[in-house]
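Novice:
2 protein chains.
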Amino acid sequence: MPRPTNPKLRRAILDVARRVLIEQGYPALAMRPIAREVGCTATSIYLHFDSKDALIHALIDEGMELLGRELRAALAAGATPRDRLQRLARAYLSFGLENPEYYEIMFMLHPSRMERYPAENYRRARRNLDFFHQELAAALGPAAADRDLRAEATLLWTSLHGTVSLLIAGRIDAAIDRDKLVELAVAQVLRSLSPPPLLPESDAARN
Amino acid sequence: MPRPTNPKLRRAILDVARRVLIEQGYPALAMRPIAREVGCTATSIYLHFDSKDALIHALIDEGMELLGRELRAALAAGATPRDRLQRLARAYLSFGLENPEYYEIMFMLHPSRMERYPAENYRRARRNLDFFHQELAAALGPAAADRDLRAEATLLWTSLHGTVSLLIAGRIDAAIDRDKLVELAVAQVLRSLSPPPLLPESDAARN
DNA sequence: GGCGTAAAGTTAACAGCGTCAAGCGACCCC
DNA sequence: GGGGTCGCTTGACGCTGTTAACTTTACGCC
Chain F
5 MPRPTNPKLR RAILDVARRV LIEQGYPALA MRPIAREVGC TATSIYLHFD SKDALIHALI
65 DEGMELLGRE LRAALAAGAT PRDRLQRLAR AYLSFGLENP EYYEIMFMLH PSRMERYPAE
125 NYRRARRNLD FFHQELAAAL GPAAADRDLR AEATLLWTSL HGTVSLLIAG RIDAAIDRDK
185 LVELAVAQVL RSLSPPPLLP ESDAARN
Chain A
5 MPRPTNPKLR RAILDVARRV LIEQGYPALA MRPIAREVGC TATSIYLHFD SKDALIHALI
65 DEGMELLGRE LRAALAAGAT PRDRLQRLAR AYLSFGLENP EYYEIMFMLH PSRMERYPAE
125 NYRRARRNLD FFHQELAAAL GPAAADRDLR AEATLLWTSL HGTVSLLIAG RIDAAIDRDK
185 LVELAVAQVL RSLSPPPLLP ESDAARN
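Residue numbers (this note's numbering), protein chains in the order written: chain F, 5 to 211; chain A, 5 to 211.
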């Protein structure tokens, strides 16, 4: 909610907040330290942002746009749908690993922190996902007839997210090579193009 | 660090903490409310746990054991390695979706909260992953010769984690059917059994 | 030029957080 | 029965996000 108020201070707050986030991480993102560095008081921030969450949401929006730019660049560099899909996956993973602080507030924050995130921003953010859907559809062509590509594209995203988030969180066994895992994740995305997904019914039928 | 102190209060604290976590979620997990419900003061908790983190770690350990039990049950019910792998995936997803609060503190907590998590517990917790490795190896047999199954098993885990965590966080488009996504995630695990992973080199070579 | 008004920012406070040092009361042991 | 220790409480510190009330600044207008 951009009030009709001094926009210069708003910018300054956002700039400092971004720097604090990137340099010191999310837990260091507190109102008083930000205010101190901006050169105003903590309560002044509330003249420009409804709450701390609103400030974080502004940072999330920045991150979403940055991600969108990188995905679009990957898309533009690809020759075939299949190539583009591979580049999308790689770009998504790179974005997360190179901007872990952004990635964290964008996708790893506790739900309660996101409850107030405006629905419209949410919808816009999710549009980044459409790239996956779109290229998946293009790559599969008519072979996609009886497949739910929206769900499959979502699965591609959630799988990539799992890899990124656990790597960022430092929860992957140190013996596992990071690059190798990334390559496997990319390969897994391409694997989704192969024939119809294997049906587990023969196993499931066993009950 | 289980001090040689009144173990009854320790139990009571842990029981209340678990209930608060499950009923009110992680953000409600605060020292004073827990103490109030236990019938002691907040500082008393420090006689039994080094810190709030240590208390959370104890809950994480409980969750890890619960997960381990369910994975073992899935393993026992499976007829073939392939069937077991499918059941493992399904059990993992179910555990997360049915115990979102446990899952959150186990795998979705901010890294800084986990820094103090004892290395030994960490190692023990990761053993749950070995089930995936083990069944992947069994299912692939000699075909796995030139594949890094440790990394591949890790990828299966991270992919499942991505799906679980984003579902828990409520970040999946409402138009996507939850069960369908889960089925796709299970199918994706089984897909990792198909021939050698598709090589993206033909695309990558394009640079 | 001085006044009135509205905006912009400050001070002080509230309730809650995790945590720590000191103190109190009951029990055991010599 | 006096000393010591265990189990717990009291009170406090510094931090958090946030609000209400106050002060300062800026600007239009007569």
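Every residue, glycine too, gets a C-beta built ideally from N, C-alpha and C.
Taking HIS137(A) as the reference, give the member of ALA81(A), SER196(A), SER98(A) with the closest Cα.
Specialist: Translated into the one-based positions of the second sequence, residue 137(A) becomes position 133. Checking every option, the nearest Cα to that of HIS137(A) belongs to SER196(A).
Novice: What does ARG154(A) reach in chain F if we use C-beta pairs closer than 9 angstroms?
Specialist: Reading the second sequence from its first residue, position 150 is the one you call residue 154(A). Within 9 angstroms Cβ-Cβ: ASP177, ALA179, ILE180.
Novice: For a quick check, are the C-beta atoms of ARG22(A) and LEU63(A) less than 9 angstroms apart?
Specialist: Here residue 22(A) corresponds to residue number 18 of the second sequence, with the count starting at 1. Here residue 63(A) corresponds to residue number 59 of the second sequence, with the count starting at 1. Contact flag set, yes.
Novice: Enumerate in chain order the residues of its own chain whose CB-to-CB distance from MET110(F) is below 6 angstroms, with the five nearest sequence positions on each side excluded.
Specialist: Mapped onto the first sequence, residue 110(F) falls at position 106. Answer for MET110(F): ILE64, GLY67, listed in chain order.
Novice: Which chain A residues are close to HIS165(F), counting only those with a beta carbon under 7 angstroms from its beta carbon?
Specialist: Along the first sequence, read from residue 1 onward, the residue named residue 165(F) stands at position 161. Simply GLY166, LEU170.
Novice: Mind pulling the chain F residues with CB within less than 7 angstroms of ALA189(A)?
Specialist: On the second sequence, position 185 is the one that residue 189(A) refers to. Under the 7 angstroms cutoff, chain F gives LEU159.
Novice: Hey, is GLU108(F)'s beta-carbon within less than 9 angstroms of any beta-carbon in chain A?
Specialist: Within the first sequence, numbered from 1, the residue matching residue 108(F) stands at position 104. Closer than 9 angstroms: yes.
Novice: Among the candidates ARG88(A), LEU97(A), HIS165(A), whose CA atom is the shortest distance from the CA of GLU139(A)?
Specialist: Within the second sequence, the letter at position 135 stands for residue 139(A). Taking only the C-alpha atoms, the option nearest GLU139(A) is ARG88(A).
Novice: Cutting at 6 angstroms between CB atoms, please list the residues of its own chain near SER169(A), excluding the five before and the five after it.
Specialist: The residue you call residue 169(A) lines up with position 165 of the second sequence. Cβ within range, chain order: MET112.
Novice: Which value, in whole angstroms, describes the spacing of the CA atoms of LYS184(A) and SER163(F)?
Specialist: As a working note, residue 184(A) is residue 180 in the second sequence. As a working note, residue 163(F) is residue 159 in the first sequence. When rounded, the distance between both Cα atoms is 15 angstroms.
Novice: Sorted by chain position, which residues of the same chain lie with C-beta nearer than 7 angstroms to GLN192(A)'s C-beta, five sequence neighbours on each side aside?
Specialist: By 1-based counting over the second sequence, the position of residue 192(A) is 188. Same-chain partners within the cutoff: SER163.
Novice: Going along chain A in order, which residues have a C-beta closer than 7 angstroms to the C-beta of LEU185(F)?
Specialist: The residue given as residue 185(F) occupies position 181 in the first sequence. ALA155, THR158, LEU159, listed in chain order.
Novice: What residue range is occupied by the uninterrupted alpha helix (DSSP H) comprising HIS52(A)?
Specialist: If you number the second sequence from 1, residue 52(A) lands on position 48. It is not in any alpha helix (DSSP H) - HIS52(A) carries neither H nor E in the DSSP assignment.
Novice: Taking one C-beta from the stretch 79–93 of chain F and one from the stretch 33–48 of chain F each time, how about it: are there three or more such pairs within less than 8 angstroms?
Specialist: Cβ pair count under 8 angstroms is below three, so no.
Novice: Can you give me the C-alpha to C-alpha distance between ALA149(F) and PRO37(F), rounded to a whole angstrom?
Specialist: The count along the first sequence starts at 1 and reaches residue 149(F) at position 145. The count along the first sequence starts at 1 and reaches residue 37(F) at position 33. Distance between the alpha carbons of ALA149(F) and PRO37(F) is about 55 angstroms.
Novice: Tell me the DSSP secondary structure of PRO104(F) in three-state form.
Specialist: Translated into the one-based positions of the first sequence, residue 104(F) becomes position 100. Helix, per DSSP.
Novice: Along the stretch 126–140 of chain A, where does the CB come closer than 7 angstroms to a CB of chain F? Name the residues.
Specialist: Cβ contacts with chain F come from ARG130.
Novice: Using CA atoms only, rank isn't needed, just tell me which of GLY166(F), ARG175(F), ASN132(F) is closest to ARG154(F).
Specialist: Within the first sequence, residue 154(F) is the residue found at index 150, counting from 1. Looking at the Cα atoms, ASN132(F) is the closest of the given residues.
Novice: Within 10 angstroms of the Cβ of GLY82(F), are there 16 or more other Cβ atoms? Answer buried if so, exposed if not.
Specialist: On the first sequence, residue 82(F) is found 78 positions in, with the first residue counted as 1. Burial call: buried.
Novice: Figure out for me which residue from GLU108(A), ALA143(A), LEU59(A) has the closest Cα to the Cα of ARG14(A).
Specialist: Counting from 1 along the second sequence, the entry for residue 14(A) is found at position 10. Checking every option, the nearest Cα to that of ARG14(A) belongs to LEU59(A).
Novice: Quick one: which chain A residues come within Cβ less than 8 angstroms of SER98(F)?
Specialist: Counting from one through the first sequence, the residue named residue 98(F) turns up at place 94. The contacting residues do not exist; SER98(F) stays about 14 angstroms from chain A at best.
Novice: Ordered along the chain, which non-local residues of its own chain (more than five positions away) have a Cβ less than 6 angstroms from that of GLU41(F)?
Specialist: Within the first sequence, the letter at position 37 stands for residue 41(F). Excluding residues within five positions, the ones whose Cβ falls inside 6 angstroms are VAL20.
Novice: Just curious, the alpha helix (DSSP H) that THR162(A) is in, first and last residue?
Specialist: Your numbering for residue 162(A) matches position 158 in the second sequence. Per DSSP, THR162(A) belongs to the alpha helix (DSSP H) from 153–172.
Novice: What does the alpha-carbon distance come out to for the pair ASP54(F) and GLU119(F)?
Specialist: Reading the first sequence from its first residue, position 50 is the one you call residue 54(F). Reading the first sequence from its first residue, position 115 is the one you call residue 119(F). C-alpha separation (whole angstroms): 14 angstroms.
Novice: So, ARG94(F) versus VAL190(F), is the Cβ gap smaller than 9 angstroms?
Specialist: Here the question's residue 94(F) lines up with position 90 in the first sequence. Here the question's residue 190(F) lines up with position 186 in the first sequence. Yes, the Cβ-Cβ distance between ARG94(F) and VAL190(F) is below 9 angstroms.
Novice: Can GLU69(A) and HIS114(F) be called in contact, C-beta distance under 9 angstroms?
Specialist: Taking the first residue of the second sequence as 1, we reach residue 69(A) at position 65. Taking the first residue of the first sequence as 1, we reach residue 114(F) at position 110. Taking 9 angstroms as the Cβ cut-off, GLU69(A) and HIS114(F) do not qualify as a contacting pair.
Novice: Can you pull the chain F neighbours of SER116(A), defined as C-beta to C-beta under 8 angstroms?
Specialist: Position 112 of the second sequence, counting from 1, holds the residue named residue 116(A). Within chain F, the residues near SER116(A) are GLY29, PRO31.
Novice: Which of the three DSSP states is assigned to ASP177(A) in this structure?
Specialist: Position 173 of the second sequence holds residue 177(A). Of the three classes helix, strand and coil, the one that applies to ASP177(A) here is coil, per DSSP.
Novice: Measure from the alpha carbon of LEU171(F) to the alpha carbon of each residue in ARG130(F), PHE135(F), LEU101(F), ALA143(F), then state which is nearest.
Specialist: Against the first sequence, residue 171(F) aligns to sequence position 167. Among ARG130(F), PHE135(F), LEU101(F), ALA143(F), the Cα nearest to that of LEU171(F) is on LEU101(F).
Novice: Kindly indicate which three-state DSSP category ARG3(A) falls into: helix, strand or coil?
Specialist: No answer is possible for residue 3(A): it lies beyond the span of chain A, which begins at 5 and ends at 211.
Novice: Locate the alpha helix (DSSP H) running through LEU185(A), then write down its first and last residues.
Specialist: Within the second sequence, numbered from 1, the residue matching residue 185(A) stands at position 181. Looking at the DSSP string, the run of the alpha helix (DSSP H) that includes LEU185(A) is 182–195.
Novice: Residues of chain A with a CB under 7 angstroms from the CB of GLY217(F): which are they?
Specialist: Residue numbering for chain F in the displayed model covers 5 to 211; residue 217(F) lies beyond these limits and cannot be assessed.
Novice: With distance defined between alpha-carbon atoms, name the residue in HIS165(F), LEU194(F), SER198(F) nearest to LEU285(F).
Specialist: Outside the shown range of chain F (5 to 211) lies residue 285(F), about which nothing can therefore be said.
Novice: Compare the Cα-Cα distances from VAL167(A) to each of ALA157(A), THR158(A), ARG182(A), ALA178(A) and report the closest residue.
Specialist: Here residue 167(A) refers to the residue found at position 163 when the second sequence is read from its first residue. Note on identity: in this sequence residue 167(A) is Thr, with Val being the wrong assignment. It is ARG182(A) whose Cα lies nearest to the Cα of THR167(A).
Novice: Leaving out five residues on either side along the sequence, give the residues of the same chain with a beta carbon under 6 angstroms from the beta carbon of ALA78(F).
Specialist: By 1-based counting over the first sequence, the position of residue 78(F) is 74. The residues are ARG91, LEU92, ALA95.
Novice: According to DSSP, is ASP150(F) part of a helix, a strand, or is it coil?
Specialist: By 1-based counting over the first sequence, the position of residue 150(F) is 146. In the structure shown, ASP150(F) sits in coil (DSSP, three-state: anything other than H, G, I, E or B).
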